DNA sequence: ATAATAAGTAAATGAACATTTACTTATCTT
DNA sequence: AAGATAAGTAAATGTTCATTTACTTATTAT
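Protein chains in written order, with my numbering: chain B, 42 to 240; chain E, 42 to 240.
The following block contains the structure:
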């Protein structure tokens, strides 16, 4: 039996992300992808059932999976609130700015019904993404450190300003992210943290 | 001369938004739109130069324009920070939940290069969207009420949690937004406000 | 060495795409 | 009432789409 060429599989994924980031999800086609990856369209179908299957696996396994891992790196749920949030922010910022093509697909996950529904399904079946973060926040609520609000609200307060900032400076034309200084990032994180804490 | 049928123009716009919200931007086609609006594809081209032209005008003029107007309704720049933010939040929340199809396109404005670039161009040429909000924030910085951070950072801190919350409960399957209670919304707004204020 | 077999290719399939052509219709001006 | 004309339609254009068919190739187990 002829073995799989893993390099080709990786090329499919990374080039798909690149096309999505540069031209948009609406301009990704199987033939364009195959041509850019220097393979036959049929090869993609050996590895993925359909275009939707490719997009969903790319989103859930490659992008969200890697993002989650990066965010949770060295994160200890038992740390205090302020330092815990700071670590999560630093981890997320480092990953997102170093993986801008992946970030583009994360953004599409909020707009595209296909990806959004896939995420919700995965979140229910496989257990929540970012479970340690949710446990961390729950413990902070119990300890009376932060406001008593639903999980989703905490998640929105905690991460959405960071994603929005990164998006602001990611202009689809591949300009480098350089405008967010460490000082600004830190103060921004401080603002988010302070707001979430009990008055 | 035969006059324009404005009802048809409105149908094009509202049905385009509906398709984008329900099936995604990547699944909107001119033929599908024409069929759903009960018109000939050619009619769309009387009113819009191309598909891109339609999408950009829909995004900039219809959706963002109306959103801006709604957010700024009865907003007085000279109000105090806490009450000003609360009014902006209430206005934005009311508009977004009442216009979910428009909201879907707003979300795509953060992912799609076509829309994102159109927004940036418009922001430069026509003057900033939400200028009164920017002046309001600038005045608050000068008065020492809030932290001294770049405009974009303020904007991210102020609005992105709200958009994220609305998105969370807008599931592309047309379920009603009912989980965000007024109490939660108010406390969330309070958190955002408090975080932005000078320590 | 060679048979077995999955990985891979080139080219084709029919459907759907954005846009246009050739024509008809409704309304305004006269 | 009739002519001018832009709005509108039905059907076609050539292109690109997702996916498949028919075939070739590289590798492993024998």
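All C-beta atoms, glycine included, are put in the ideal place defined by N, C-alpha and C.
Because the structure is a prediction, the values reported are computed rather than measured.
- Rounded to whole angstroms, the gap between the alpha carbons of residue 172/B and residue 178/B is 10 Å.
- Taking the beta carbon of residue 73/B as reference, no residue of chain E falls within 9 Å; the closest one sits roughly 14 Å away.
- Neighbours of residue 145/E across chain B, judged by C-beta separation under 9 Å: 152 and 154.
- Here the C-alpha atom of residue 223/B lies approximately 16 Å from the C-alpha atom of residue 209/B.
- Positions of the beta strand (DSSP E) runs, each at least 3 residues long and wholly inside the segment 141-215 of chain B, cannot be given because no such run exists.
- Non-local beta-carbon contacts of residue 127/E in its own chain, meaning distances under 6 Å to residues more than five positions away in sequence, involve 230 in chain order.
- Using a CB distance below 8 Å, no part of the segment 96-108 of chain E faces chain B.
- If you draw a straight line from the Cα of residue 97/B to the Cα of residue 53/E, it is about 30 Å long.
- Proximity of the segment 126-142 of chain B to the segment 93-113 of chain B meets the contact definition, three or more beta-carbon pairs being nearer than 8 Å.
- If the five residues before and after residue 146/E are omitted, its C-beta is found closer than 7 Å to the C-beta atoms of 58, 61, 99, 100 and 104, all from its own chain and listed in chain order.
- Taking CB atoms only, residue 148/E has a neighbour in chain B less than 8 Å away.
- Interface flag for residue 115/E against chain B is unset, since no Cβ pair is found closer than 8 Å.
- Between residue 149/E and residue 152/B a beta carbon distance of about 5 Å is seen, short of the 8 Å cut, so the two are scored as contacting.
- Around the beta carbon of residue 221/E, a 10 Å sphere encloses 16 or more other beta carbons of the protein chains shown; the residue is thus reported as buried.
- Residue pairing by DSSP places residue 238/E opposite 187/E in a beta bridge.
- Restricted to the segment 100-140 of chain E, the alpha helix (DSSP H) segments that are unbroken, complete and at least 4 residues in length are 106-112 and 122-139, listed in chain order.
- Straight across, the Cα-Cα distance linking residue 118/E with residue 181/E is about 10 Å.
- By alpha-carbon distance to residue 190/B, the top candidate from 225/E, 161/E and 63/E is 225/E.
- Contact of residue 50/B with chain E is not assigned, every C-beta pair being separated by 8 Å or more.
- Cβ neighbours of residue 71/B within its own chain (closer than 7 Å, five residues either side excluded): 82, 85 and 92.
- Around the C-beta of residue 205/B, 16 or more other C-beta atoms lie within 10 Å, and the residue is accordingly described as buried.
- Put simply, the CB of residue 185/E is far from chain B, with every gap to its CB atoms at 8 Å or more.
- Counting along the chain, residue 84/B sits inside the alpha helix (DSSP H) bounded by residues 82-88.
- Distances from the alpha-carbon of residue 187/B to those of 158/B, 67/B and 125/B put 125/B closest.
- Per DSSP, reduced to three states, the secondary structure at residue 54/E is helical.
- For the pair residue 106/E and residue 233/B, the CB atoms are not nearer than the 8 Å cut-off.
- Using a Cβ distance threshold of 8 Å, residue 202/E and residue 198/B count as a contacting pair.
- Counting along the chain, residue 97/B sits inside the alpha helix (DSSP H) bounded by residues 92-98.
- Excluding five sequence positions before and after residue 80/B, the CB atoms of its chain that fall closer than 7 Å to its own CB belong to 49, given in chain order.
- Counting along the chain, residue 74/E sits inside the alpha helix (DSSP H) bounded by residues 71-78.
- Counting only residues of its own chain and dropping the five nearest sequence neighbours on each side, residue 156/B has a CB closer than 8 Å to the CB of 96, 97, 100, 146, 149 and 150.
- The Cβ neighbour count for residue 47/E, taken over all protein chains shown within 10 Å, is under 16; the residue is labelled exposed.
- Closest in alpha carbon position to residue 194/E, among 227/B, 195/B, 174/B and 166/B, is 227/B.
- Assignment of residue 61/B by DSSP, reduced to helix, strand and coil, places it in the helix class.
- What residue 205/B touches in chain E, judged by beta-carbon distance under 7 Å, is 197 and 201, going in chain order.
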